[in-house]
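Residue numbers (this note's numbering): 6 to 87.
For every residue, glycine included, the Cβ atom is placed at its ideal position computed from N, Cα and C.
Note sheet for the following structure.
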């Protein structure tokens, strides 16, 4: 996901801002960072400009309910079941 807060220059790489790691957006023609959503429980994304979050693999979980992108920014945020 990406968003654009200023007047477009005609070049996407110069105009659009990526949603940060741990966040995603499925909104087309987004105009603010508010469209970037923190991944939900049980998921993460370790890439900028994500349009979805990866589900924690079998044997792992992430119980955070979208309180902080830093708690959803890598596979290591999916705790191993014990």
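Compute the Euclidean distance between the alpha carbons of residue i and residue j, then round it to the nearest angstrom.
i: residue 87; j: residue 51; result: 24 Å
i: residue 69; j: residue 76; result: 7 Å
i: residue 8; j: residue 59; result: 21 Å
i: residue 83; j: residue 31; result: 23 Å
i: residue 55; j: residue 6; result: 5 Å
i: residue 78; j: residue 20; result: 24 Å
i: residue 37; j: residue 53; result: 15 Å
If you check the beta carbons only, do residue i and residue j fall under 8 Å apart?
i: residue 41; j: residue 25; result: yes
i: residue 61; j: residue 48; result: yes
i: residue 39; j: residue 74; result: no
Measure from the alpha carbon of residue i to the alpha carbon of each residue in the options, then state which is nearest.
i: residue 67; options: 35, 53 and 45; result: 45
i: residue 43; options: 33, 29, 23 and 34; result: 29
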